[in-house]
Each structure stands twice: as structure tokens, then as C-alpha cells.
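Quick note, in the UniProt record's numbering, the first sequence goes up one by one and the last residue is 615.
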Amino acid sequence: MIQQLPEKLTSGARAGLESLYGIDAAGQDITLQSTRKEFVGEFTIVTFPLTRLARKKPEEIGTELGKYLQRELPEVSDFNVIKGFLNLVISHEYWIEFLLDAAADEAYGTAEKNGERVVVEFSSPNTNKPLHLGHVRNILLGWSTSQLLSAAGFDVKKVQIINDRGIAICKSMLAWQRFGGGETPKSTGTKPDHFVGKYYVKFEQHFQEEYKQWQRSDTAATVLANNPKQLSPEDFWKGYKNKYFNTYSELGSAAKDMLLKWEDGDAETVALWNKMNGWVYEGFDETYRRLGVSFDKLYYESQTYLLGKDMVEKGLEKGAFYRKEDGSVFADLSDANLDQKAILRSDGTSLYITQDLGTARLRYDDFGATRMVYTVADEQNYHFQVLFELLKRLEEPYADGLFHLSYGMVDLPTGRMKSREGTVVDADDLMDEVIQEAYQSSLEREATSELSEEERREIIRKVGMAALKFQIIKVGPQKRMTFDPKESVDLQGQTGPYVQNAYVRTRAVWRKAGERDLTAAANYSGLEPTERELISQLYAYPALLRDAAAQYDPSVVAMYCYELAKNLHKFWHDVSILNADTEAAVAFRLSLCRTVGNVLKSGMGILGIEMPERM
RNA sequence: GGCUGCGUAGCUCAACUGGAUAGAGCACUUGACUACGAAUCAAGAGGUUUCAGGUUCGAAUCCUGACGCGGUCACCA
């Protein structure tokens with residue numbers, strides 16, 4: 001279905017301006033917005049900006065333009081003017097026809113395939129510890145954005161780059177080797193990624209212990225005495241930790257040795273590395289499965305970390321980069337307000353940014369995508385500015401389609417999550433918690449009592465996950481958010497289950513209605529305000545999806561679903577459906593329920609939230 | 001300190017990108033189940049949109065400055 005009302009109204013308004021005032025309005029912006037719900041009408045034209053052109057008061061323009069539109073456009077049945085606002089009422093017939101069309105269209109709202117391919121990266125964890133709340137926001141955001149782009153017509157490929165190498169995983173490996181005593185996830189009954197994470201923590205504990213002991217040594221005393229800023233020992237040692245790790249620490253050098261061995265391809269080390277990463281992936285897979293997300297392709301840093309040198313060469317040839325005397329390669333981005341940036345070390349080895357250049361190219365070669373979206377927290381804003389600028393200077397074919405889906409970090413009510421202070425909220429625990437809460441809540445209800453135990457468990461899972469997901473996705477991506485676990489288990493108010501409940505109601509009434517002949521719906525007359533509200537909201541859905549996709553912002557969809565659900569609940573309360581006065585009203589309202597249900601399911605589906613048939 | 005983002009009800013968030021009396025939810029107070037499902041609805045209370053200027057018919061939104069809170073400034077990732 002083509003959305004044309006806004007275009008018709010604005011072009012009609014332009015024609016009106018020409019006919020009424022002889023203004024050449026071809027290039028004139030017409031401010032069209034949806035009418036606020038305290039006023040009558042569905043669309044509003046703001047006439048303030050037109051006063052200069054027409055040389056009349058805003059009210060007069062509103063009235064004259066209103067009359068013109070009512071006369072010229074069959075879709076406009078009435079209007080009213082309040083100050084500089086011309087509120088247009090859309091005709092009953094138009095709405096009914098629209099609704100019946102939409103009710104018959106299963107895919108209502110989603111766009112035709114546009115043939116353009118986009119790669120969306122999200123999650124991209126390290127393999128040394130389990131996923132936590134921060135990853136959850138990343139994953140939900142990346143996933144829902146993928147779905148959104150897909151609904152907007154793109155051919156989406158979902159990828160992640162797994163940071164499977166480096167010092168972090170070596171710490172876990174070393175700790176397990178030294179302190180593990182041969183235990184395994186199976187032997188301890190631990191989820192495998194948590195098992196590996198436990199050894200990462202264990203490494204840190206032993207390291208801290210070692211560090212404390214060392215601080216009492218003579219060497220340490222000398223270091224402390226030479227402390228240039230005269231800090232207190234406590235503060236000094238805090239900042240010295242990395243230096244200690246790299247120079248004096250036995251555990252530190254053992255971990256670094258392990259990394260070197262890994263880089264040399266030492267068979268034993270690589271086997272250990274494979275074993276522990278394998279455990280982590282097993283655990284991640286389960287978490288991803290529970291979150292309901294999947295990927296089209298996984299990139300592993302161990303296979304990409306040497307990439308990018310050909311890009312460096314290309315940059316040198318193009319004159320975009322330059323080589324210093326010591327052999328290092330830099331790009332001068334100062335004209336883009338981004339400074340000098342190192343691209344290659346003087347020993348010729350890659351940097352993080354080098355690797356990202358190579359990976360971008362690799363993805364292009366793999367998928368031929370003209371757009372790439374990176375779902376990464378806003379602490380890396382600068383990095384992506386640099387990366388995108390470099391790719392632009394390399395004149396890569398996808399350079400204009402790069403987007404950093406930057407999002408704010410997740411805080412707890414107690415402040416920032418800190419692994420060292422044990423305040424990190426684990427993803428698996430969090431899911432358990434919300435599902436448990438949904439279970440408690442379901443005990444008070446009868447609605448699902450005749451279902452089997454298994455069906456009820458499935459509903460409870462959907463409800464709990466909806467609460468968690470909606471809570472996170474409804475916040476705009478750029479915004480740093482405070483996540484209160486107590487609120488995430490709320491099932492009432494502005495929540496996922498609230499929206500689910502609206503859907504369930506639309507399904508319940510249909511179950512009761514059975515098979516029906518709905519042809520009478522076309523004869524319905526006398527739209528209630530709550531029905532008009534629902535219809536114009538449904539009408540806005542396709543454009544809303546398009547805009548949300550253009551902005552890479554799934555929170556827009558979440559808010560829309562909430563508003564639609566809210567109006568459905570109000571409608572439900574205000575009017576009778578099956579007991580309506582006329583057969584036409586029954587048929588019409590059933591159609592309305594069907595379409596609202598479809599759109600709710602579609603919108604929430606984009607967010608990765610499943611709709612139960614009962615709850 | 002340079003660059004950058006943010007600051008809206010007690011709390012968590014909106015505000016169609018410059019439009020109407022700044023809206024929701026939670027929490028608080030009150031009312032509605034003999035109704036197609038009350039995980040619902042309705043009502044009340046809650047605001048100098050951090051502050052001070054400016055731009056204009058009109059500012060939470062744009063500009064300048066101040067204050068406050070993040071992030072980032074490696075031949076780390």
C-alpha cells in the first residue's frame with residue numbers, strides 16, 4: 001500500500017496557496033504534522049510560516065486553506081483552526097477503505113526489497129569472560145537494527161568479530177593451567193563461558209596477591225622512593241599496576257610468554273587456546289540462543305589481526321598516508337580535525353586500526369555490501385571517526401555507507417559497572433531473573449491455567465524476555481542509560497508485557513469470534529475517536545519504519561508499539577466488539593483488532609520480542 | 001587542558017528534528033471486574049526543560065558563555 005496522504009495534503013496546500021493568494025508555492029515548505037490528540041483531526045498544517053507570503057493572519061490563512069482543501073480533496077472531510085494550526089479531519093470512507101486494505105496485508109508496513117546489501121556488526125565479545133549487561137544492550141541494539149533495516153528493504157548480513165586472541169585469554173589459560181587441577185566445565189557442572197571467566201578472575205586474584213607481596217620488597221621500596229609526584233603509596237601503586245605487570249610480575253611474564261608462544265604457533269599452547277575458546281563459544285551460543293539472535297558470519301581476530309597491510313600500501317600509493325624515517329606509517333588527518341594517526345608500527349606490525357581497515361575490506365569482498373554498520377559503545381567514537389575518514393581517503397567503494405551505531409554505556413543505579421568490584425550484571429543471570437519474575441507473576445493468573453506445563457513455561461519465557469528487551473531497547477541508542485534490574489522485571493506500564501497483553505487481547509477476541517464474514521465492515525459508520533486514533537496510527541506505521549531505519553534507531557519502533565498498545569487498551573475499554581450494536585461495527589472492530597495485532601507483532605518482532613497467543 | 005557527548009517531574013524515559021497548555025511509565029492518592037482477558041482503564045498530584053544572555057511570529061530543540069556529569073586524547077585493544 002502506498003502512503004500518499006501526507007504528500008496529497010502538502011501538494012494540495014501548495015496548490016491552495018497559489019489559487020488563493022497567487023503565490024508561487026512550488027518550493028515552499030509546508031509544515032505537516034499529526035494532530036495532537038487533544039484536538040480534533042488527524043493531520044495539522046502549521047500556517048505561521050505562511051503569513052509572510054500571504055500577508056494575512058495565521059487564522060485567516062487556516063480557514064481559507066481549510067475550505068480550499070475540504071472542497072478540493074475528497075479525503076478531507078472537515079477542518080478546524082486554532083491559532084496558526086489548521087487541523088484536518090480525514091474522511092470516514094478513506095479510513096475504512098485503508099483499514100480494510102491493511103487488514104488483508106500480512107506484510108503491512110515492510111518495504112519491498114531494494115537490492116542494497118548492508119553488513120551489521122554487533123556483539124563482538126572477548127573470549128575471556130561471559131557476556132554481561134553491556135553486551136546485552138549491544139546485542140539487542142544490533143539485532144533490532146538489523147531487523148529494522150531488513151524491514152526497510154535492505155539485504156542484511158549480521159556479523160561479529162570475536163576477539164579470541166591476546167593477553168586476556170592468555171590470563172585465563174595460564175590460570176587454568178596452574179590452578180585448575182584439570183577440572184572442566186563438565187566436571188564442575190558450570191556453564192562453560194562462566195567456567196573460563198572464573199579463571200580469568202582467578203588470575204587477577206593471584207596477580208593482586210603477588211603484587212601486594214612485591215610491594216614489601218626492596219625493589220618496590222626503591223621504585224616508590226623515586227615516585228616523582230610524591231603520591232601516597234596507595235595511589236601510586238594503583239597507577240603502577242600495568243607497569244608492574246609488564247616488568248616485575250612473574251605471572252605477568254608467564255602470561256606474556258604464553259602469548260608469544262601462541263603467536264609462534266606452539267602446538268601445546270594453541271591446543272589449550274582452542275580448548276578454552278571452545279568452551280567459551282559453547283557458552284556464548286547458549287546465551288545468543290536464549291536472546292534469540294544469530295549471525296550470518298563470524299570473524300575471528302586470530303585470523304584477521306594481521307590484515308590491513310595491503311590497505312596501508314594502497315594508502316601510501318595514493319599519497320593518503322606517509323612513511324616516517326623509522327618505517328612507521330601515519331595519516332595526517334589534521335585537516336579533518338582528527339590529528340596525526342599511526343597506521344603501522346615502525347617494526348612493520350599492525351595496529352588495531354590497521355586490522356579494522358583490513359577487516360572492512362574483507363567484508364566488502366565477502367558480501368559486496370555498500371553499507372556497513374558497527375554497533376560499538378560511544379567510548380570508541382573517535383576511533384570510528386578516524387577509521388571512516390581513512391576508508392574515505394582510500395576511496396573504498398563502501399566509504400559513504402559507513403555508520404557507527406554508537407550507544408551510551410549502561411549504568412546501574414549504584415553507578416558504573418566495575419568487574420573489579422563485582423558489580424557486573426551477568427547476561428545469563430539477568431535472563432534467569434526476569435523469567436523467574438514472570439513466573440511469580442503468572443501464579444496469580446488464571447488465563448493460562450488450562451494449558452500444559454510446557455506451554456506455560458514457554459509463555460513465561462516470552463513474557464520475561466519481553467520485559468528485559470523492551471526495557472533496554474526503548475531508550476534511544478545515544479543515551480547513556482541507567483538500568484535498574486528491579487524495573488526490568490516490571491510487567492506493567494510502559495513495558496514489553498504491556499504490549500504483549502494488547503496483542504493477546506486482539507487474539508482472544510478472535511478466538512471467541514471464530515470464523516466470520518467481515519464484508520459488513522465496509523458499511524460501518526460513525527468512527528469513534530478511539531478508532532480514528534488507532535487507524536491513523538496504523539496508517540503511520542510504514543513511514544515510521546522507514547524513518548527509524550534511516551536513523552538506525554529501534555527505540556522509535558518500541559515507543560510506537562507502546563503507543564499503539566496503549567490505544568488498543570483504551571479502545572478495548574471504551575467500546576464493545578462482539579457485542580457491538582450492528583453487524584457492521586462488529587466486523588469493522590474485528591478487522592481493526594486484526595490489523596493492530598499484526599502491526600504489534602511486526603513491530604515487536606523487529607525488536608526481537610516474541611508475542612504469545614495467551615498470557 | 002584539547003576535542004566530544006549529555007543535563008527535561010522524586011526515579012526511568014519521550015517530545016514527529018523550530019510549533020499548540022513540555023508528554024508517558026514507575027512510585028504516591030482515588031475510582032472501575034456479574035463485561036470480548038483488570039499484566040487493563042479512568043482521575044488526581046508532580047516542571048523556571050541546570051543557569052545567564054541571544055536569534056524569531058514561536059526555543060527543551062539553534063548560537064554564545066557559565067556550571068555540572070560522562071567519554072576520549074598510545075607505534076594498547
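Even for Gly, the Cβ is constructed at its ideal location relative to N, Cα and C. Quick caveat, the model's predicted, so the values are computed rather than measured.
Please tell me whether Phe154 and Asn138 are closer than 7 angstroms, where the distance is taken between their beta carbons.
Not a contact, by the Cβ cut-off of 7 angstroms.
Counting pairs of beta carbons, one from the segment 67-76 and one from the segment 547-557, are three or more of them closer than 8 angstroms?
No: the two stretches stay apart, fewer than three of their Cβ pairs being nearer than 8 angstroms.
From Leu564 to Lys56, what does the alpha carbon distance come to, in whole angstroms?
Taking the straight line from one Cα to the other gives about 38 angstroms.
Suppose the cutoff is 7 angstroms on Cβ atoms and the five residues either side in sequence are ignored; what does the same chain contact list for Thr414 look like?
Closer than 7 angstroms at Cβ, skipping near neighbours: Thr423.
Counting only runs of 3+ residues fully inside the segment 522-548, write out the beta strand (DSSP E) ranges in chain order.
With a minimum length of 3 residues, no continuous beta strand (DSSP E) run stays inside the segment 522-548.
Hey, Leu590 and Ala502 are a contact pair by Cβ (cut 8 angstroms); roughly how many whole angstroms apart?
15 angstroms between Cβ atoms; not a contact.
Residues in its own chain within less than 8 angstroms of Ala467 by CB, not counting five upstream and five downstream?
So the qualifying residues of the chain are Val434, Glu437, Ala438, Ser488, Val489, Asp490, Leu491, Thr495, Gly496, Pro497.
Specify the secondary structure class of Leu131 as computed by DSSP and reduced to three states.
If DSSP states are grouped into helix, strand and coil, Leu131 belongs with coil.
Could you name the residues of the same chain whose beta carbon sits closer than 8 angstroms to that of Met258, not counting the 5 residues immediately before and after it, in chain order?
Cys170, Met173, Leu174, Thr269.
Tell me, to the nearest whole angstrom, how far the beta carbon of Asn567 is from that of Gln537; I am working on the premise that it is less than 8 angstroms.
Asn567 to Gln537, Cβ: 6 angstroms. Contact.
Which of helix, strand or coil does DSSP assign to Gly265?
Three-state DSSP puts Gly265 in coil, outside helix and strand.
Does DSSP put Phe284 in a helix, in a strand, or in coil?
Helix.
Near Met1, what residues of its chain come up, given a Cβ to Cβ distance below 8 angstroms and the 5 sequence neighbours on each side ignored?
Unreliable positioning characterises Met1 in this predicted model, as indicated by a pLDDT of 47, which lies under 50. The coordinate reading is nonetheless provided below. Phe98, Asp101, Ala102, Asp105, Tyr108, Pro542.
Classify Asn87 as helix, strand or coil using the three-state DSSP reduction.
Strand, per DSSP.
Could you round the C-beta distance between Leu338 and Glu286 to whole angstroms and report it? I think they count as a contact, below 8 angstroms.
No, Leu338 and Glu286 are not in contact; Cβ-Cβ is about 41 angstroms, not under 8 angstroms.
Would Leu88 and Phe79 be called neighbours here (beta carbons separated by less than 7 angstroms)?
Yes, the pair counts as a contact, with Cβ atoms nearer than the cut-off.
Can you tell me whether DSSP reads Met1 as helix, strand or coil?
Any reading at Met1 is ruled out, since the residue's pLDDT is 47, under 50, leaving its predicted position unreliable.
Under 7 angstroms, do Glu317 and Leu251 count as touching if we go by C-beta distance?
Taking 7 angstroms as the Cβ cut-off, Glu317 and Leu251 do not qualify as a contacting pair.
Would you kindly report the start and end of the unbroken alpha helix (DSSP H) that includes Gln177?
Gln177 -> alpha helix (DSSP H) spans 167-179.
When DSSP labels each residue in this structure, what does Leu298 get in the three-state scheme?
In the structure shown, Leu298 sits in a strand (DSSP, three-state: E or B).
What residues match up with Tyr402 in a beta bridge as DSSP calls it?
Note on residue identity: the sequence assigns Leu, not Tyr, to residue 402. Per DSSP, Met372.
Enumerate in chain order the residues of its own chain whose CB-to-CB distance from residue 616 is below 8 angstroms, with the five nearest sequence positions on each side excluded.
Nothing about residue 616 can be read from this structure; the chain reaches only from 1 to 615.
For the ligand SAM, is there a heavy atom less than 6 angstroms away from the beta-carbon of Gln177?
Among the components modelled here there is no ligand, and therefore nothing to report on the ligand SAM.
Would you decide whether Asp365 is buried or exposed? Buried here means 16 or more other CB atoms lie within 10 Å of its CB.
Answer is exposed; the Cβ neighbour count stays below 16.
Report the option in Thr247, Ile90, Ala54 whose CA atom is closest to the CA atom of Thr35.
The shortest C-alpha separation from Thr35 is found at Ile90.
Please classify Lys332: is it buried, with 16 or more other beta-carbons within 10 angstroms of its beta-carbon, or exposed?
Per the sequence shown, the amino acid found at residue 332 is Asp instead of Lys. Exposed, since its Cβ has fewer than 16 Cβ neighbours within 10 Å.
Evaluate Glu379 with the Cβ neighbour count: other Cβ atoms within 10 Å of its Cβ, from every protein chain shown; 16 or more gives buried, anything less gives exposed.
Looking at its Cβ environment, which holds fewer than 16 other Cβ atoms inside 10 Å, Glu379 is exposed.
Throw me the rounded Cβ distance for the Phe483 and Asp429 pair, which I believe falls under 8 angstroms.
With 8 angstroms as the limit, Phe483 and Asp429 do not qualify as a contact, their Cβ atoms being about 13 angstroms apart.
Alpha carbon to alpha carbon, how far is His92 from Pro529? Give it in angstroms, no decimals.
Taking the straight line joining both Cα atoms gives about 11 angstroms.
Within its chain, find whatever has a CB closer than 7 angstroms to the CB of Lys601; leave out the 5 residues flanking it on each side and keep chain order.
Correct list, in chain order: Tyr503, Met611.
For the beta strand (DSSP E) that contains residue 625, what are its first and last residues?
The question about residue 625 has no answer, for the chain in this structure spans 1 to 615.
Whether or not the segment 233-251 and the segment 213-225 are in contact is what I'm after, with contact meaning three or more pairs of Cβ atoms, one per stretch, closer than 8 angstroms; do they touch?
The segment 213-225 is in contact with the segment 233-251.
Over what stretch of residues does the beta strand (DSSP E) that includes Ser77 continue unbroken?
Ser77 -> beta strand (DSSP E) spans 76-82.
For the beta strand (DSSP E) that contains Glu121, what are its first and last residues?
Per DSSP, Glu121 belongs to the beta strand (DSSP E) from 117-121.
Nearest to Gly608 by alpha carbon, out of Glu313, Gln471, Gly265, Leu391?
Comparing Cα positions, the closest option is Gln471.
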